[in-house]
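Colleague: Residue numbers (the UniProt record's numbering): 1 to 187. Ideal Cβ positions, reconstructed from N, Cα and C, are used throughout, including at glycine. Just passing along the structure, written as structure tokens.
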């Protein structure tokens with residue numbers, strides 16, 4: 001009936017199948033962790049590294065007017081004005097999604113409120129299981145005249161510049177905001 005050779009082949013075949021299953025489970029967990037990690041994605045870090053190398057290799061004139069970037073990756077809010085100089089008072093005009101399923105999308109900032117969440121009634125619909133139906137809103141703050149973000153009681157929270165917010169927070173230009181797997185900033 002079953003010879004010793006057949007039994008050994010079945011035993012090692014099942015063992016190999018078990019290791020394939022373990023490998024697939026670990027790979028799936030790794031992808032989930034990478035997607036929800038507060039660190040920037042590998043492709044985003046790679047393109048930022050290329051940009052830094054290109055900036056180092058090309059000599060810059062002494063009077064180059066460029067926005068100042070902090071070590072954490074966000075800028076100080078400086079933008080180029082019409083005269084070519086750095087203008088600290090220019091307001092952002094776009095909400096740009098920089099990472100996640102909608103990466104590359106932009107939405108013009110008008111004077112109205114922009115809502116973000118899973119529900120189809122939101123301005124920006126994020127199809128992500130870690131996003132609440134009414135997750136957050138970006139709105140012009142009447143007291144400061146700047147844009148602000150407010151978490152609308154979401155389960156997983158809203159992360160602004162790698163910190164979870166609990167109260168309405170003023171948003172400067174180029175400060176990363178993460179909701180689920182999506183990261184956006186104002187530009």
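Pull up the CB-CB distance for residue 95 and residue 106, whole angstroms please, since I reckon it's below 8 Å.
Modeller: Yes, residue 95 and residue 106 are in contact; Cβ-Cβ is about 7 Å, under 8 Å.
Colleague: Output the distance between the C-alpha atoms of residue 140 and residue 119, rounded to the nearest integer angstrom.
Modeller: Their Cα atoms are separated by approximately 22 Å.
Colleague: Could you tell me the distance, in whole angstroms, from the CA atom of residue 181 to the CA atom of residue 2?
Modeller: Cα to Cα, the separation comes out at about 52 Å.
Colleague: If I measure Cβ to Cβ from residue 158 and keep anything under 6 Å in the same chain, skipping five residues before and after, which residues do I get?
Modeller: Cβ neighbours of residue 158 beyond the five flanking positions: 136, 151, 165 and 179.
Colleague: Give me the Cα-Cα distance between residue 121 and residue 169, rounded to the nearest whole angstrom.
Modeller: In a straight line, the C-alpha of residue 121 is about 23 Å away from that of residue 169.
Colleague: Tell me where the beta strand (DSSP E) around residue 95 begins and ends.
Modeller: 94 to 99 is the extent of the beta strand (DSSP E) around residue 95.
Colleague: Report back the beta-carbon spacing between residue 167 and residue 92 to the nearest angstrom; my notes put them in contact at under 8 Å.
Modeller: 21 Å between Cβ atoms; not a contact.
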